[in-house]
Amino acid sequence: MNKFFVTVERHFPLRGFLFVASAILFVCLAVRFAFAADAAAPADNSTLINVLVSYGVPLVEAVLSVLVTWAITKVIQLLGITDQATRLKVAGQLRDALHFAAENGLKYAFAKLGAPPSLAASASVIADAIAYVKSKNPDTVAALGVDDQALEHIILSKLPSLMSAALAVPTVLNVTAPGVASSRA
Numbered sequence: 001m002n003k004f005f006v007t008v009e010r011h012f013p014l015r016g017f018l019f020v021a022s023a024i025l026f027v028c029l030a031v032r033f034a035f036a037a038d039a040a041a042p043a044d045n046s047t048l049i050n051v052l053v054s055y056g057v058p059l060v061e062a063v064l065s066v067l068v069t070w071a072i073t074k075v076i077q078l079l080g081i082t083d084q085a086t087r088l089k090v091a092g093q094l095r096d097a098l099h100f101a102a103e104n105g106l107k108y109a110f111a112k113l114g115a116p117p118s119l120a121a122s123a124s125v126i127a128d129a130i131a132y133v134k135s136k137n138p139d140t141v142a143a144l145g146v147d148d149q150a151l152e153h154i155i156l157s158k159l160p161s162l163m164s165a166a167l168a169v170p171t172v173l174n175v176t177a178p179g180v181a182s183s184r185a
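Position 124, counted from 1, in the sequence shown is what my numbering calls 124; the numbers after and before it change by one each time, with no gaps.
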């Protein structure tokens with residue numbers, strides 16, 4: 001229970017608030033009964049109850065609001081809820097990393113096979129690419145909850161871009177400069 005008060009005091013100085021509230025309540029009650037018309041007459045219970053209710057309800061509301069704030073803070077900490085924009089940004093970065101790893105996995109698989117990239121990738125190429133992605137980025141795959149079938153779809157979606165990149169790379173041709181005799185002739 002002591003940890004509870006330490007946590008609450010960190011968010012709101014509860015002891016100080018309770019001290020001030022009880023002092024104000026005491027002063028109000030003392031003033032009310034000190035200036036009573038007939039000091040010799042006993043205090044009217046209904047009046048005392050009215051005073052306690054009129055000052056006690058705001059005090060209870062303040063204490064409850066502090067406790068509700070503390071409870072919400074604890075729930076947020078337990079659930080790990082953070083700013084929505086930050087979560088979306090991190091998820092986007094994870095997706096980008098996964099797609100980048102999928103493309104690199106395809107490059108690795110084709111290089112391992114020793115063949116140029118083609119749209120008709122064999123099952124072994126896809127399996128090598130999946131193994132590459134899982135081995136190089138296990139945390140990303142786990143964080144996004146991607147299974148093998150979804151990973152296969154991502155890898156297959158990278159084939160056209162890999163093909164266009166492979167076609168865009170100029171190949172070295174055996175071309176001789178003008179005026180230089182070719183050795184093939």
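Positions of the beta carbon are idealized from the N, C-alpha and C atoms, including for glycine.
Cut-off 6 Å between Cβ atoms - residues of its own chain near residue i, not counting five sequence neighbours on either side
{"i": "Glu-197", "result": "Residue 197 is absent from the structure shown; the chain starts at 1 and stops at 185."}
{"i": "Phe-110", "result": "Pro-117"}
{"i": "Val-172", "result": "Per-residue confidence for Val-172 stands at a pLDDT of 47, beneath the threshold of 50, marking its modelled position as unreliable; no derived number is given."}
{"i": "Val-89", "result": "Note that residue 89 is Lys in the sequence shown, not Val. Answer for Lys-89: no residue qualifies."}
Other residues of its chain near residue i: CB distance less than 7 Å, five sequence neighbours each side excluded
{"i": "Ile-155", "result": "Ala-102, Gly-105, Leu-106, Ile-126, Ala-129, Ile-130"}
{"i": "Glu-152", "result": "Ile-126, Ile-130"}
{"i": "Asn-174", "result": "Low confidence applies to Asn-174: its pLDDT is 48, below 50, so where it sits in the model is not reliable enough to give any reading."}
{"i": "Arg-184", "result": "The pLDDT assigned to Arg-184 is 46, lower than 50, so where the model puts this residue is not dependable, and the model offers no usable value."}
Cutoff 8 Å; reference residue i; Cβ partners in own chain excluding five residues on either side
{"i": "Ala-23", "result": "none"}
{"i": "Lys-112", "result": "Asp-128"}
{"i": "Gly-56", "result": "Leu-25"}
{"i": "Leu-160", "result": "The question names Leu, yet the displayed sequence has Pro at residue 160. Around Pro-160: Leu-119."}
Extent of the continuous alpha helix (DSSP H) to which residue i belongs
{"i": "Pro-116", "result": "Element bounds for Pro-116: n/a, residue is neither H nor E."}
{"i": "Val-125", "result": "123-136"}
Reference residue i, options the options, closest by Cα
{"i": "Met-163", "options": "Leu-119, Leu-79, Thr-86", "result": "Leu-119"}
{"i": "Val-20", "options": "Thr-47, Leu-48, Asp-139, Ala-62", "result": "Ala-62"}
{"i": "Val-60", "options": "Ile-76, Asp-147, Leu-25", "result": "Leu-25"}
{"i": "Leu-98", "options": "Thr-73, Pro-116, Lys-136, Ser-122", "result": "Lys-136"}
{"i": "Ala-123", "options": "Pro-138, Asp-139, Asp-148", "result": "Asp-148"}
{"i": "Tyr-108", "options": "Val-133, Leu-79, Val-90", "result": "Val-133"}
Residue i: CB within 7 Å of a non-hydrogen atom of the ligand NAP
{"i": "Val-27", "result": "Among the components modelled here there is no ligand, and therefore nothing to report on the ligand NAP."}
Restricting to runs no shorter than 3 residues, where is the beta strand (DSSP E) found entirely within the stretch 40-106?
The stretch 40-106 contains no whole beta strand (DSSP E) run of 3 or more residues.
Could you tell me whether the stretch 89-101 touches the stretch 140-152, where touching means 3 or more Cβ pairs closer than 8 Å?
With the rule of 3 Cβ pairs closer than 8 Å, the stretch 89-101 counts as touching the stretch 140-152.
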